[in-house]
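Chemist: Can you read through this structure? Questions will come right after.
Numbering (the working numbering), first residue to last: 462 to 906.
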């Protein structure tokens with residue numbers, strides 16, 4: 462315990478030093494990035510020779526002939542490519558569960574920034590842990606991606622993700638539990654609605670549809686958006702009829718119907734991709750060499766990489782679930798491709814807790830037949846739509862918060878180029894990646 466506290470305090474010192482950068486940036490002159498190629502996140506083709514003006518933490522001008530404020534700092538963007546800050550809309554940040562340390566969460570947050578991720582949504586965690594980090598990020602106490610969070614999930618007694626959840630069986634009787642959850646000010650309510658009964662999973666309980674509808678309506682009355690864990694088309698239909706705002710996972714159990722695709726194309730309910738979580742089992746077993754990629758080496762502790770290569774890989778080799786995911790992940794990939802073609806809103810999310818996973822998710826989306834340009838939109842604008850913040854985040858457009866990533870190569874030609882990060886800017890402040898508390902910078906405990 463004392464060692465963990467020492468690590469916690471040491472890392473907070475590092476975080477505190479880095480946190481001075483945005484504070485100083487707020488008093489600095491405007492920033493102008495000249496002659497850069499802009500991929501704005503809307504899905505529109507890239508535009509060359511653009512100037513971006515950032516002032517007061519927002520985009521003030523984006524175009525070819527713009528006026529720079531007097532005294533503005535200028536950067537030459539020649540040969541660089543600008544995309545909006547990446548967004549991971551399904552995270553379970555490590556550090557909040559039993560057996561883990563809050564230090565792990567702080568390191569993971571820096572790993573996201575290092576990887577070009579400027580916003581995350583935590584879809585279920587210890588409320589004390591995640592809401593404290595959210596408040597610290599918003600107050601500027603720590604440098605981290607923008608944090609949006611659920612805290613505890615809501616489910617039926619014995620339902621999916623039930624450990625630490627708010628369980629609801631009777632609305633009138635259990636409403637006090639919901640009120641206590643609402644008092645914590647979650648950004649989004651997450652419900653789990655999955656009876657399992659497929660793969661290696663036995664059947665478990667889930668909410669009746671009328672109760673599901675009552676819970677969703679109650680959170681809407683308090684101005685809180687909602688998302689839901691489902692894995693099959695039937696439960697997705699139930700949730701949509703009940704008024705859900707977003708879906709936290711793709712349909713993975715079977716190919717989706719044409720009726721479902723038509724409905725999603727019309728209603729445009731955001732659906733999160735989460736391919737990486739299933740892909741990860743077989744990838745580690747069959748191709749552990751991915752752990753040698755620069756982003757993984759930069760952000761994961763050497764001890765964590767060793768554990769993944771050894772004990773975790775051996776465990777996953779023996780798990781039947783690994784074989785199931787090898788079969789079902791391609792089903793989800795195809796469902797997402799069809800959903801995108803039907804005009805639905807696919808949102809990038811990983812169901813992981815590390816920045817490099819966002820780039821794996823991009824690879825899987827493109828590998829499933831989605832264009833790099835569309836995949837970038839899923840990781841930017843569609844993330845903002847998922848949050849209900851598309852007027853504030855997600856694209857490089859005048860008036861929005863200045864979150865962007867400068868790349869050394871064109872990601873619309875090869876999505877792997879999204880890993881070639883030159884600079885990360887969040888809220889108009891340049892993140893000094895060399896000062897983040899990560900292995901790449903010598904912080905290994």
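Just so it is clear, CB atoms sit at the ideal spot from N, CA and C, and this is done for glycine as well.
Are there 16 or more other CB atoms within 10 angstroms of the CB of residue 525, so buried, or fewer, so exposed?
Modeler: By one-based count along the chain shown, residue 525 stands at place 64. Residue 525 should be labelled exposed.
Chemist: Does the pairing of the stretch 589 to 602 with the stretch 818 to 826 give three or more beta-carbon distances under 8 angstroms?
Modeler: They do not touch, by the three-pair rule.
Chemist: Just the Cα atoms here: how many angstroms apart are residue 787 and residue 743?
Modeler: Sequence index remark: in the chain shown, residue 787 carries index 326 (1-based). Sequence index remark: in the chain shown, residue 743 carries index 282 (1-based). Approximately 6 angstroms, taken between the alpha carbons.
Chemist: With DSSP run on the structure shown, which of helix, strand or coil describes residue 484?
Modeler: Taking the chain shown and counting its residues from 1, the one referred to as residue 484 is at position 23. Any reading at residue 484 is ruled out, since the residue's pLDDT is 37, under 50, leaving its predicted position unreliable.
Chemist: Would you mind stating whether residue 576 and residue 819 have Cβ atoms separated by less than 8 angstroms?
Modeler: What you label residue 576 is simply residue 115 of the chain shown in a count that begins at 1. What you label residue 819 is simply residue 358 of the chain shown in a count that begins at 1. Result yes, Cβ atoms of residue 576 and residue 819 sit closer than 8 angstroms.
Chemist: Find the nearest neighbour of residue 571 within the set 811, 586 and 817, judged by alpha-carbon distance.
Modeler: Your numbering for residue 571 matches position 110 in the chain shown. Answer by Cα proximity: 817.
Chemist: Which value, in whole angstroms, describes the spacing of the CA atoms of residue 682 and residue 892?
Modeler: The count along the chain shown starts at 1 and reaches residue 682 at position 221. The count along the chain shown starts at 1 and reaches residue 892 at position 431. So the alpha carbons of these two residues sit roughly 38 angstroms apart.
Chemist: Taking residue 759 as part of the alpha helix (DSSP H), name the residues at either end of that continuous run.
Modeler: Looking up residue 759 in the chain shown gives position 298. Note, residue 759: alpha helix (DSSP H), 755 to 760.
Chemist: Going by CA-CA distance only, name the one from 617, 802 and 510 that's closest to residue 723.
Modeler: Sequence index remark: in the chain shown, residue 723 carries index 262 (1-based). The candidate whose alpha carbon is nearest that of residue 723 is 802.
Chemist: So if DSSP puts residue 609 in a beta bridge, which residue, or which two residues, is it bridged to?
Modeler: Taking the first residue of the chain shown as position 1, residue 609 is located at position 148. According to DSSP, which records beta bridges pairwise, residue 609 is partnered with 582.
Chemist: Using C-beta distances below 8 angstroms, list every residue in its chain close to residue 870, excluding the 5 sequence neighbours before and after it, in chain order.
Modeler: As a working note, residue 870 is residue 409 in the chain shown. Contacts found: 542, 878 and 881.
Chemist: If you draw a straight line from the alpha carbon of residue 721 to that of residue 491, how long is it in whole angstroms?
Modeler: Taking the first residue of the chain shown as position 1, residue 721 is located at position 260. Taking the first residue of the chain shown as position 1, residue 491 is located at position 30. When rounded, the distance between both Cα atoms is 47 angstroms.
Chemist: Note down, in chain order, each residue of its chain lying with its Cβ closer than 7 angstroms to the Cβ of residue 905, except the 5 sequence neighbours on either side.
Modeler: Start at 1 with the first residue of the chain shown, and residue 905 comes out as number 444. Cβ neighbours of residue 905 beyond the five flanking positions: 762 and 763.
Chemist: DSSP three-state call for residue 597: helix, strand or coil?
Modeler: The sequence position of residue 597 within the chain shown is 136, counting from 1. Note: residue 597 maps to helix in three-state DSSP.
Chemist: When the Cα atoms are used, what is the spatial distance from residue 711 to residue 734?
Modeler: Within the chain shown, residue 711 is the residue found at index 250, counting from 1. Within the chain shown, residue 734 is the residue found at index 273, counting from 1. Each residue's alpha carbon lies about 6 angstroms from the other.
Chemist: Tell me whether residue 500 sits in a helix, a strand or coil according to DSSP, three-state version.
Modeler: Start at 1 with the first residue of the chain shown, and residue 500 comes out as number 39. Of the three classes helix, strand and coil, the one that applies to residue 500 here is coil, per DSSP.
Chemist: Is residue 907 helix, strand or coil by DSSP?
Modeler: Shown here, the chain extends from 462 to 906; a query on residue 907 therefore has no answer.
Chemist: In angstroms, rounded to a whole number, what distance separates the CA positions of residue 604 and residue 672?
Modeler: Numbered from its first residue, the chain shown carries residue 604 at position 143. Numbered from its first residue, the chain shown carries residue 672 at position 211. Their backbone Cα atoms lie some 40 angstroms apart in a straight line.
Chemist: If you draw a straight line from the C-alpha of residue 784 to the C-alpha of residue 540, how long is it?
Modeler: Stepping through the chain shown from its first residue, residue 784 is reached at position 323. Stepping through the chain shown from its first residue, residue 540 is reached at position 79. Cα to Cα, residue 784 sits roughly 43 angstroms from residue 540.
Chemist: So, do the stretch 636 to 654 and the stretch 664 to 680 have three or more beta carbon pairs nearer to each other than 8 angstroms?
Modeler: Taking 8 angstroms as the limit for Cβ pairs, the verdict is that the stretch 664 to 680 does touch the stretch 636 to 654.
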